[in-house]
Amino acid sequence: MGVYYFIILFIGVFFVVGAGMQAFKSLSMTKKSSVFLAIGVSLIGLSIFLFLPESSDIIAELLGIG
């Protein structure tokens with residue numbers, strides 16, 4: 001399962017770097033780059049949460065499983 005978490009992390013980093021390069025190229029934050037930045041930060045946060053030892057228990061409680 002950790003491989004999928006790394007894939008999510010790398011996709012998030014790719015989005016953040018892409019949004020930064022796009023903002024640096026045009027010297028302003030457009031709507032497209034801010035959306036990429038928000039998605040990238042969300043994916044990075046999700047992958048860091050999933051790497052926590054008790055994340056499966058937290059998700060099970062939120063979904064009412066078990």
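For the sequence shown, UniProt numbering assigns the number 66 to the last residue and increments by one with no breaks.
Built from N, CA and C at the ideal position, the CB exists for glycine as well.
CA-to-CA distance, residue j to residue i, given in whole angstroms
| i | j | result |
| --- | --- | --- |
| Tyr5 | Phe24 | 29 Å |
| Leu63 | Glu54 | 15 Å |
| Ala38 | Val13 | 11 Å |
| Lys31 | Gln22 | 11 Å |
Distance cut-off 7 Å: residue i Cβ against heavy atoms of the ligand ZN
| i | result |
| --- | --- |
| Ile11 | No copy of the ligand ZN occurs in the structure displayed, which carries no ligand at all. |
Best match in the options for proximity to residue i [C-alpha to C-alpha]
| i | options | result |
| --- | --- | --- |
| Ile11 | Leu43, Leu50 and Asp57 | Leu43 |
Residue j beta carbon less than 8 Å from that of residue i
| i | j | result |
| --- | --- | --- |
| Ser47 | Leu9 | yes |
| Val41 | Val17 | no |
Reduced DSSP category for residue i - H, G, I as helix; E, B as strand; rest coil
| i | result |
| --- | --- |
| Ile11 | helix |
| Glu61 | helix |
| Gly66 | coil |
For a minimum of 4 consecutive residues, which ranges assigned as the alpha helix (DSSP H) are wholly contained in the stretch 26-63? 31-51 and 55-63
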